[in-house]
Every structure is written in structure tokens, then in C-alpha cells.
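In what follows, a structure is listed as C-alpha cells, so that the remarks can point back to it.
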Amino acid sequence: MQTTRRNLLTGTAAAGAMALAGQFAAVSPGLAAAPPAGKQAPGFYRYKVGDYEITIINDGVWLRALEPSPVPNVPVADLQQALAEAFQPTNAVAYPFNLTIINTGSKLIAIDTGTGGKFSPTTAGTFLDNLAAAGIDASKIDVVVISHFHPDHINGIWTKDDKVVFPNAEITVPEPEWAFWMDDAKAGAAPEGLKGNYANCKRVFGPLADKLTRYQPGKEVAPGITSFAAYGHTPGHTAYTVASGNQSLLMIVDSVANPAVFARNPDWQHASDVDRNMGIETRKRMLDRAATDKSLIQAMHFPFPGTGHIVKDGNGYRFVPTTWTHLL
8 MQTTRRNLLT
18 GTAAAGAMAL
28 AGQFAAVSPG
38 LAAAPPAGKQ
48 APGFYRYKVG
58 DYEITIINDG
68 VWLRALEPSP
78 VPNVPVADLQ
88 QALAEAFQPT
98 NAVAYPFNLT
108 IINTGSKLIA
118 IDTGTGGKFS
128 PTTAGTFLDN
138 LAAAGIDASK
148 IDVVVISHFH
158 PDHINGIWTK
168 DDKVVFPNAE
178 ITVPEPEWAF
188 WMDDAKAGAA
198 PEGLKGNYAN
208 CKRVFGPLAD
218 KLTRYQPGKE
228 VAPGITSFAA
238 YGHTPGHTAY
248 TVASGNQSLL
258 MIVDSVANPA
268 VFARNPDWQH
278 ASDVDRNMGI
288 ETRKRMLDRA
298 ATDKSLIQAM
308 HFPFPGTGHI
318 VKDGNGYRFV
328 PTTWTHLL
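Residue numbers (the numbering used here): 8 to 335.
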């Protein structure tokens, strides 16, 4: 065959391609050039309410098994259907942990403290790492406001090796919670399912008893942050409104947990509520308030970051997340 310039160029190109392919095969035989990261990005998100800067810090997620059922007054099959309709796994109920830091300009305030890495095997306990990733130093927190005494809200006062996390903060707790959980007589007479929480409250608050401030729900706990009673989940469970300028935020805390379950079906009992019937009444009242007022809400156990609005939808309610934005 007669050699031509075209034959020569074609052959040279083919040879080069084969050599290049061989180099790639030698470097990465069937694998990506970069290995998978294997871990999630830092979990924090910021937005503004008036002049206040709100930072939501994720502390992982609890995957609560369906036995015993988190919803004791309905068949497990109904719970699984609600999860499936929300495209959530049907073998557990997800409870994210979203902690709130409020910068008022003069005060740095933490609402609750997370799990402290001591809650359940599926809880990541990422609060301190994500707090640092958000550029917030725990030693700079001025006030820690506790909403209620469940472990995912109070355990983070201490590190895993029992060091105080917020050494310079005033810690303030609801008086009705203190009266219920720190009473030795109540602890002794408590049903078996509550004894562990009584013991945990003693562990967390015992060494700090003389340093805590107690507040009555209904009082302002920090500038622009007003508490109000939202009893049922616990006897002193407290929620908050945050107001700055002409904007406000409704912090529903644990009045409503996973919205695909408890907002869609507000009559379903929540097994974690100390008074389940009162919990339902409070949940309905909170959801109706949020939907009627079109309030911006912040929720502890909604999909991260738990910020958005509530809309009435048939016999229940629907959560509409706020669109993520890089703008403050």
C-alpha cells in the first residue's frame, strides 16, 4: 500500500491514542482518579431575622427503630405508608438534630446544646465540629437557653470526657422542667421508661446546680427572644419567638418532630411525649399558629436546616422548606 501523508497522520494519531489509553489504564485500572470522600460536608446554615444572625448547627440524626413504635396509637403499617409517601426509609423514623445559635450583635446565644455524642449509636454527635466549621467558638457563647430536659437538648453541656463545653456562658433552664426532673421523690416514683431520663438530668445538671438560672416560660430569656409554654412533650417544654426589626421567627423546638409523620398527621401520638394527649393539643396549636400567621419557623427535628413555613393541607399540615441561598 502506498504511504501517504494522510495514512501517516492517521496511524500516528491512532498510536498516540493507544499509548495514552495505556497510560490511563496503568494509573487507574477501572477506578476514579480521586477516591470518594467518604464523609459529609460540615452541617451549618445561616440566615437573618432582622439584624439578628441565625446559625443552625447540625448534630447528626437519630434513626429511631419502629419497635417499639414511635407512634403508639396507629398501626406500624400506617406509619410506614406516611414515610413512603415522603420518600423516606420505612424501617426507621429520622430525627435530625438542628441546634440554633443566635447572634444579636451584643450577645451570642445557644438554644439547646445537642447530644454530646451520648444519645444513640446512630447519632453522629457532630455539634462541636460543625460549630467550629461555622467559625463559632463555644467559649464565646454568652447564654445557653435550654428548652427542656431531654438528652438531645442537654447532653451537649458536657463533652464526651466530661468537660464543660460553654465555660463562660450563663445557663438558663425552664423552672417547670427543673421542678419535674430534678425532684428525687418524682424520680423514685417514676415509671420505668422515665427513670433513665431522671438519672441523666442528675448527671448533667447536678454539678451545675448552683450556677444555673431558672426562668418561667413567658419571660424574655435574652434580648428579642421570648419564651412561651409548649407543654406536653415534657411538663416544662418551652418554645420561643425571636424578633428583630420587623421580622420574627417561631421556634417550635420539639412540638412537632419529623414533619412527614407528625405535621401530616397531627392527631398521631408521639411516644416521646410525657403527656401524649397534651402533646397533640400543643402540636395542633403550634401548627395552626404557624400556618395562620405564615410564620418563618425553626424546628429541631425537621430535615436540616429545619427552616421554612407550615401550610394547612387537608386534615394535616405540610412543611415548605426555605430555599437555600448564599445571601444573608
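Beta carbons are placed, not taken as given, at the ideal position from N, Cα and C, and that holds for glycine.
- For Leu219, no alpha helix (DSSP H) run applies, since DSSP gives it neither H nor E.
- Under the three-state reduction of DSSP output, Asn110 falls in the strand class.
- Of the other Cβ atoms in all chains shown, 16 or more fall within 10 Å of the Cβ of Ser262; this residue is therefore buried.
- For Thr299, the enclosing alpha helix (DSSP H) has its first and last residue at Arg283 to Asp300.
- Within the model, the alpha-carbon separation for Pro214 versus Ala41 is close to 49 Å.
- Of all alpha-carbon atoms in Gly231, Leu257, Lys202 and Lys170, the one lying nearest the alpha-carbon of Met307 is that of Leu257.
- A Cβ-Cβ distance of about 7 Å is found for the pair Pro77 and His277, placing them in contact under the 8 Å criterion.
- Around the beta-carbon of Glu92, fewer than 16 other beta-carbon atoms lie within 10 Å, marking it exposed.
- Contact between the region 172-183 and the region 142-157 is established, with three or more Cβ pairs separated by less than 8 Å.
- Relative to Trp331, the option among Ile317, Lys319 and Phe311 whose CA is nearest is Phe311.
- Ala89 is not a Cβ neighbour of Val318, given a cutoff of 9 Å.
- Partner residues in the beta bridge of Leu257, as assigned by DSSP, are Thr248 and Ile304.
- Pairing Ala264 with Ala270, the inter-Cα distance amounts to about 8 Å.
- Asn137 sits in a helix when the DSSP states are folded into three classes.
- Counting other Cβ atoms within 10 Å of its Cβ, Val327 stays below 16 and is therefore classed as exposed.
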